[in-house]
Amino acid sequence: MAYFEAPGAPETPDFDALSVGDVVAERTFEVTRDSLVRYAGASGDFNPIHYRDDIATSVGLPGVIAHGMLTMGLAVQPVVEWAGDPALIVDYQVRFTRPVVVDPSEGASVTVSAKVGQLDAEARIARVDLTTTFGGETVLGKAQVRVRFA
Amino acid sequence: MNPELQGREFPPTRPYLVGREKVREFARAVFATDPISYDLDAARAAGHRDLVAPPTFTVVVQESTLAQLLAEPDAGIDFSRVVHGDQRFSFTRPVFAGDELTATLRVTSVKSLGAHSMVTAESTIVDADGAHVVTAISTLVVRGDE
Chain H
1 MAYFEAPGAP ETPDFDALSV GDVVAERTFE VTRDSLVRYA GASGDFNPIH YRDDIATSVG
61 LPGVIAHGML TMGLAVQPVV EWAGDPALIV DYQVRFTRPV VVDPSEGASV TVSAKVGQLD
121 AEARIARVDL TTTFGGETVL GKAQVRVRFA
Chain Y
1 MNPELQGREF PPTRPYLVGR EKVREFARAV FATDPISYDL DAARAAGHRD LVAPPTFTVV
61 VQESTLAQLL AEPDAGIDFS RVVHGDQRFS FTRPVFAGDE LTATLRVTSV KSLGAHSMVT
121 AESTIVDADG AHVVTAISTL VVRGDE
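These protein sequence lines map, in sequence, to chains H and Y. When you number the first sequence by my numbering, it's gap-free, plus one each residue, and the end is 150. When you number the second sequence by my numbering, it's gap-free, plus one each residue, and the end is 146.
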C-alpha cells in the first residue's frame, strides 16, 4: 500500500490549446504584517517602512506598506501554479504603480488575475498579463510573465 | 543625480551560494505552493538537478549590486527618496539551489523627469562557470523636492 504518491513530472498546460484572452489563473492573497516580517527576513530588505508605522507616515505614506518585491513575487505565483514548474518562467516584469497598505489587524487582500496576452507560436512562449488589485485599484502596471513551453 | 553615472560598470559582487533552505524560505515568503521549490524529489522528477528558486529570488543577489550603486560617493542618490519604479528578470536558465551566482551592475540610463530622476540599473548574474543565468533590471525613481 502506498502511503503517498511519488512525485512525477509536473502537468503543464497544452500551449496549442491556449487563446489570447484566456484567464488561466486567479488567486487572492491575504497579506498580513507577519507576511512582511517573513519577506523582510527572506529577502534581506529591512527598510522600516515595511514594519514601522511611525517611519512610514513620516515619509508621507498612509501606513506600513508591503515590499514592492513581495507584491511582484506573489503576483507571479498563480502563473507558476498554472504552468506547473517555476523553471518555465523565462521573463517577468512589472511596474510598481500603487503601494499596498497593510493594516496591522486586517492585513491586505491582494487579488491576481492572469490572462493570456500574446502567443508566440514559433518560440512557444505565452505572454501572460497580470491584473493585481488591492482595495479595488491595480497596484502593478505592465505586469507580464513569459512562459516557455516544450 | 549625477548624469555621468550612465554607462558606469561596477566590480562583480562576492559569489552568492544559493542554499536549499534559503530557496524554501523565500518560496514561503512569496506564497509559493509549487513543490519544485520545496521538495527535492519533486524537483528531480521534473528533470531538475535541485530545488528551483521562485522567479523573483535573484532580488536577493541583486540587492548587493544596488547597495554598491547607492553607496557610490559621486552618485548623489539619497536613499530615503528612492522609490522602486520597475523591475524585470530575464532568464537564460532558472536558478537552482547549489548555484554560485555573481552579479555585475551597470547603469544603463539616467534621466531627469521634472524634479525627479530615474536611474536604470542592470545586474547581469552568472554562475560559477561564468555562464549567464539571469539579468535583473531595476528602475529607481529618486524623488526631488516637491
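For each residue, glycine too, the CB sits at the ideal point set by N, CA and C. Bear in mind the structure is a predicted one, so any value in this text is a computation, not a measurement.
Item: Residue environment, Y:Arg14, which counts as buried when at least 16 other CB atoms sit within 10 Å; Value: exposed
Item: Listed by chain order, chain H residues near Y:Val87 by CB distance under 9 Å; Value: Checking the sequence, you will find Gln at residue 87 of chain Y rather than Val. What Y:Gln87 touches in chain H: Gly68, Met69, Met72, Tyr92, Gln93, Val94, Arg95 and Phe96.
Item: Any chain Y beta carbon closer than 8 Å to H:Asp120; Value: no
Item: Bridge partners - Y:Arg106, DSSP secondary structure assignment; Value: Y:Glu9 and Y:Glu122
Item: Reduced DSSP category for H:Val24 - H, G, I as helix; E, B as strand; rest coil; Value: strand
Item: Neighbour flag for Y:Arg49 against chain H, beta carbons, 8 Å; Value: no
Item: Boundaries of the alpha helix (DSSP H) in which Y:Ala71 is found, first to last residue; Value: Val59 to Ala71
Item: H:Ser19 - DSSP class collapsed to helix/strand/coil; Value: coil
Item: From H:Gly41, H:Arg146, H:Glu11 and H:Val76, residue whose alpha carbon lies closest to that of H:Leu119; Value: H:Arg146
Item: beta-carbon Y:Ala27 near the ligand HEM non-hydrogen atom, thresh 7 Å; Value: The model on display carries no ligand, and the ligand HEM is accordingly not part of it.
Item: Cβ pair Y:Phe89, H:Asp103 closer than 8 Å; Value: no
Item: Buried/exposed call for H:Leu130, threshold 16 Cβ in 10 Å; Value: buried
Item: Residue(s) in a DSSP beta bridge with H:Gln77; Value: Beta-bridge pairing links H:Gln77 to no other residue.
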